[in-house]
Amino acid sequence: MCAEHAAGVRWTSIVGARPQFVKLAPVCRAIEAHNRQLGSLPIEHSIIHTGQHYDRELAELFFSQMDIPEPRYNLAVGSGTHGTQIARMLERIEPILATERPDWIIIYGDTNSTLAGALLAARLKLPVAHVEAGCRSGDTEPEEQNRIVSDHLSRLLLAPSERAVENLKKEGLGRENDPHARRVAMVGDVMYDALLQNRRLAEQCAGPMLERFNLTSKQYYLLTIHRAENTDEVAQFRRILDAASGLDLPVLFPAHPRTQQMVAALRASLNGNIRTVAPLGYLEMLAAEMHACKILTDSGGVQKDAFYLEVPCVTLRDKTEWPETVAVGANRIGSSTVESIRAAVAASHSQHWLTSTPYGDGTAAAKIVSELLVSARN
Ligand code: UD1
1079 MCAEHAAGVR
1089 WTSIVGARPQ
1099 FVKLAPVCRA
1109 IEAHNRQLGS
1119 LPIEHSIIHT
1129 GQHYDRELAE
1139 LFFSQMDIPE
1149 PRYNLAVGSG
1159 THGTQIARML
1169 ERIEPILATE
1179 RPDWIIIYGD
1189 TNSTLAGALL
1199 AARLKLPVAH
1209 VEAGCRSGDT
1219 EPEEQNRIVS
1229 DHLSRLLLAP
1239 SERAVENLKK
1249 EGLGRENDPH
1259 ARRVAMVGDV
1269 MYDALLQNRR
1279 LAEQCAGPML
1289 ERFNLTSKQY
1299 YLLTIHRAEN
1309 TDEVAQFRRI
1319 LDAASGLDLP
1329 VLFPAHPRTQ
1339 QMVAALRASL
1349 NGNIRTVAPL
1359 GYLEMLAAEM
1369 HACKILTDSG
1379 GVQKDAFYLE
1389 VPCVTLRDKT
1399 EWPETVAVGA
1409 NRIGSSTVES
1419 IRAAVAASHS
1429 QHWLTSTPYG
1439 DGTAAAKIVS
1449 ELLVSARN
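Using my numbering, you'd call the opening residue of the sequence shown number 1079 and step up by one each time.
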């Protein structure tokens, strides 16, 4: 570990995709709070935005709504095949890390930007901390590959749940005999921090949001789909839309750009029940989640939001990396047939799931800052 600089420590966060901006925001707040404490070791925090997401609705809007400081670098890697996208990231991040050699590199979640950050930090022998370490869905999708590789390359594994800690231990990470001396800390889910910090503001957006889409609170479903496993295969995508369009209430469908392309191709199969709209900003999305009667999604983040807001959720996948939400009955795996999706929607009912707190108490970001400071001293 690098020695602390006389003036303080330097940390670099690497982000690039929508859910990472949500995770980054509370960490920025916690760093600012730490720096305001009299006599604390100053943390100089800079942000590298890979530019994996670049549309205003997926990127800029999150920085402004969540008050995230301007990235020091925007690498504008844009879209491409996995190989092209990751290669551009590696090429553009490497000189920055090689020159700056921060005391900690912080990576978030499971995207290609996470993987690129982990690989480069490891190659440059710089310590990397992974926020949301240890989640496993048990499939072979790109996100699961990114999670596993990033965890194995990280020095500090910041887990959102006890189950995530167990997953890491099963893979030998953070155990007493771990040859790479990786450390595991259960800090809770930083997305819960984000939700609690923004809930009131989101509530203020609810009225205009409902009016804009001509919806009534608790009288509509919310649908999101963006994973390649659902959007890149016409038959699968059509099954989801068929299931959603047969529901008894309107379906609000904020469509990710990846999904919009498919929607355009299948427009004929969309009936009036499904209201396809552009992706929503963080606050509008929270408001839409809060006021939905039920949520159908393939997004990991939205599954957890639904749990925190006590809105029943159906996951449009065969597996989830958030099994705790299923265990408490907040989330049902809708699998991939029209019948199984409709059956899961019909069976889900609202309850007070928050009596159980598998993802901590909404103070994950402060714990992350403490863990990074403690680990830096060891
Ligand atoms: C990525 C993450 C996923 C995360 C999701 C959040 C990977 C492998 N996947 O998926 O884990 O849940 O972000 O949204 O990293 N596009 C645009 N504008 C944008 C961004 C993307 O038009 O601002 C389009 C492009 O056509 C692109 C496609 O969306 O090819 C997919 O984008 P990409 O960044 O590869 O993955 P996501 O589906 O967004």
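Even glycine gets a Cβ: it sits at the ideal position worked out from N, Cα and C.
For Thr1302 and Asn1255, the gap between their C-alpha atoms comes out near 42 Å. Annotation for Leu1136: no alpha helix (DSSP H) segment contains it, and DSSP assigns it neither H nor E. DSSP places His1304 in the coil class of the three-state scheme, outside both helix and strand. Within a 10 Å sphere around the beta-carbon of Pro1120 sit fewer than 16 other beta-carbons, which makes this residue exposed. Only residues of its own chain outside the window of five on either side were considered, and among them Ser1118, Ile1121, Val1447 have a CB closer than 7 Å to the CB of His1112, listed in chain order. Ala1333 sits buried, since 16 or more C-beta atoms from the chains shown fall within 10 Å of its C-beta. Shown here, Pro1238 sits in coil according to DSSP, grouped into three states, outside any helix or strand. Taking 3 residues as the minimum length, the beta strand (DSSP E) runs contained wholly in the region 1172 to 1260 are 1182 to 1186, 1206 to 1209, 1234 to 1237, in order along the chain. Look at the beta carbons and you see the region 1189 to 1199 touching the region 1151 to 1164: at least three pairs across the two are nearer than 8 Å. By the Cβ-count criterion, Arg1134 is exposed, with fewer than 16 other Cβ atoms from all chains shown falling within 10 Å of its own Cβ. Taken from the Cβ of Thr1398, every heavy atom of the ligand UD1 lies 8 Å or farther away.
Leu1394 has its CB no nearer than 8 Å to any heavy atom of the ligand UD1. Under the three-state reduction of DSSP output, Thr1393 falls in the strand class. The beta carbon of Leu1193 sits closer than 7 Å to the beta carbons of Ile1164, Asn1224, Val1227, Ser1228 from its chain, once the five residues preceding and following it are set aside; these are given in chain order.
Contact check for Arg1336 against Thr1309 passes: the beta carbons are separated by less than 9 Å. Nearest neighbour of Arg1088 by Cα position, chosen from Ile1184, Ala1422, Ser1142, turns out to be Ile1184.
Between the region 1432 to 1447 and the region 1266 to 1276, the count of C-beta pairs closer than 8 Å reaches three or more; the two stretches touch.
Annotation: the continuous alpha helix (DSSP H) that includes Pro1286 extends over 1268 to 1290.
Asn1152 sits in a strand when the DSSP states are folded into three classes. Exclusion of the five residues before and after Asp1271 leaves Pro1104, Gly1440, Ala1442, Ala1443 as the residues of its chain whose Cβ lies within less than 6 Å of its Cβ. Between Asn1409 and Ala1384 a beta carbon distance of about 7 Å is seen, short of the 8 Å cut, so the two are scored as contacting. Secondary structure at Ala1425: helix, using DSSP grouped into helix, strand and coil.
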